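Step one of this worksheet: look at the structure below.
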Amino acid sequence: MAVPAALQAALANARQVCVLTGAGVSAESGVPTFREAGTGLWAQYSPHELATPEAFARDPALVWRWYRWRRDLVAGVEPNPGHRALARLAELVPSLALVTQNVDGLHQRAGSSGVIEYHGNLFGNRCFENGCDFSEADPPTGTAADPASGIPLCPRCGGMLRPGVVWFGEPIPSRTLRLADDAAAACDLFFSIGTSALVWPAAGLAEIAARRGATVIEINRETTDLSGRAACRLQGKSGEILPELVNCLARNRQHSL
Ligand code: BV8
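Residue numbers (my numbering): 15 to 271.
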């Protein structure tokens, strides 16, 4: 893939880069995207039916089975070249903010730091009943589980624990929202990678960047709602495009030394 000259120039001159990733970035690691998430065992369910507080209140054991299936799946995969290229990109530009809609933690496992997990993390736990404050990963050591359903219980109040993700209909935590909004507003180059740009308010970050004059780049296998407003679209797999992009930037920097 040839990296367009305009994009090479935008990357070489970028001062602050903001990257928003979606499920497509983890697809080549073997993590089904949300569009495909209803695969195999879960084909009968739509994620939008399971990733809600109402679904959890209705059938917490079912929702926990889905999240445990996802945790086991993610624990068994590796970051792909796309994740690793983004970790390397952070070393090649003056400043990079990585905002991910993914809850799989693969950016961190690829070496990215300061990742803004817009929708939380699959392996976190929160108290569903009283919002008790504790921060162990799942399962918190010594956490009892309801013997019949296997639902983990809060070590403080004994109420049900829930996965530490943001469900549909729940607000993005205010600090996360502000960090992501500020990163999008401050950047001069914005990448939207592997996301259908359908889930809000994450999908609004590209607008925030564009309104402030940033160049918006989309990397996706397909066109999306954002495609028409991107300055440049690279169509294909992020695990193939991102390493090309980063290698090109590194070569150009080498030549300019
Ligand atoms: C909220 C965690 C308000 C859980 C997730 C307007 C404004 C605000 C809200 C709304 C609005 N309109 C509608 C809403 C409500 C809703 C929403 O957006 N609904 C959608 C369905 C229309 N939003 C919310 O509910 C949000 N909360 O707004 O609260 C509020 C305020 C105050 C008080 C109370 C309430 C919360 C949304 C968060 C939901 N949680 N995840 C979990 O994971 O279990 S979102 C979930 O879906 C994922 O995390 C993921 O982020 C998202 C799916 O999006 P993508 O990542 O884009 O994945 P998708 O599969 O769709 O697309 C993959 C893309 O990759 C495709 O384009 C494909 O072509 C591409 N691709 C595939 N392979 C590759 C590739 N690209 C490159 N390379 C490849 N190899």
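Beta carbons: idealized from backbone N, C-alpha and C, even for Gly.
Predicted model only: the values in this text are computed from it and were never measured.
Please report the straight-line C-alpha distance between residue i and residue j, rounded to a whole angstrom.
i, j, result
"Arg29", "Trp80", "41 Å"
"Arg267", "Val260", "10 Å"
"Leu219", "Cys32", "9 Å"
"Pro161", "Gly183", "30 Å"
"Glu42", "Asn94", "6 Å"
"His269", "Asn116", "35 Å"
"Ala16", "Glu254", "12 Å"
"Arg102", "Cys262", "12 Å"
"Asp152", "Leu87", "Low per-residue confidence applies at Asp152: pLDDT is 47, beneath 50, and the placement is therefore not dependable, though the value from the model is reported in the following sentence. If you take the alpha carbons of Asp152 and Leu87, they lie about 15 Å apart."
"Ser40", "Val213", "17 Å"
"Gln22", "Glu258", "11 Å"
"Arg85", "Ser126", "20 Å"
Is residue i a contact residue of the ligand BV8, with contact defined as CB to any heavy atom under 7 Å?
i, result
"Ala47", "In the sequence on display, residue 47 carries Thr and not Ala. Result yes, Cβ under 7 Å from the ligand BV8."
"Gln115", "yes"
"Leu112", "no"
"Arg235", "yes"
"His62", "yes"
"Trp252", "Looking at the sequence provided, one finds Ser at residue 252 rather than Trp. Yes; taking the cut-off as 7 Å, the Cβ of Ser252 has a heavy atom of the ligand BV8 nearer than that."
"Phe182", "yes"
"Pro257", "no"
"Val33", "no"
"Ala162", "no"
"His133", "yes"
"Gly178", "no"
Does the beta carbon of residue i fall short of 7 Å from some heavy atom of the ligand NAD?
i, result
"Pro93", "Questions concerning the ligand NAD fall outside what the structure shown contains, since the ligands it does hold are the ligand BV8."
Name the DSSP beta bridge partners of residue i, please?
i, result
"Gln30", "Ser109"
"Thr229", "Leu203"
"Leu167", "Met174"
"Thr35", "Thr114, Ile207"
"Ile130", "Val113"
"Val179", "Gly134"
"Asn139", "Pro177"
"Cys262", "The partner list for Cys262 (beta bridge, DSSP) is empty, contrary to what the question assumes."
"Cys246", "Ile231"
Buried or exposed: where does residue i fall if 16 or more other Cβ atoms within 10 Å of its Cβ makes it buried?
i, result
"Gln249", "exposed"
"Trp78", "buried"
"Ser105", "Position check: residue 105 holds Glu in this sequence, whereas Ser was assumed. Result: exposed."
"Ala144", "Reading off the sequence shown, one finds Asn at residue 144, where the question assumed Ala. Classification for Asn144: exposed."
"His6", "This structure does not reach residue 6, given that the chain is present from 15 up to 271, and the question cannot be answered."
"Thr155", "In this prediction, Thr155 scores a pLDDT of 44, lower than 50, which makes its location untrustworthy; no coordinate-derived value is stated."
"Cys168", "buried"
"Glu92", "exposed"
"Leu175", "buried"
Can at least three beta-carbon pairs, one atom from the segment 226-242 and one from the segment 66-82, be found at a separation below 8 Å? no
Inter-stretch contact at 8 Å, needing at least 3 Cβ pairs: the segment 220-228 / the segment 125-144: no
Kindly confirm or deny that the segment 192-205 and the segment 19-29 touch, where touching means at least three C-beta pairs closer than 8 Å. In this structure the segment 192-205 touches the segment 19-29; the number of beta carbon pairs closer than 8 Å is three or more.
Determine, using beta-carbon pairs with one atom in the segment 171-189 and one in the segment 139-147, whether at least three such pairs fall under 8 Å. yes
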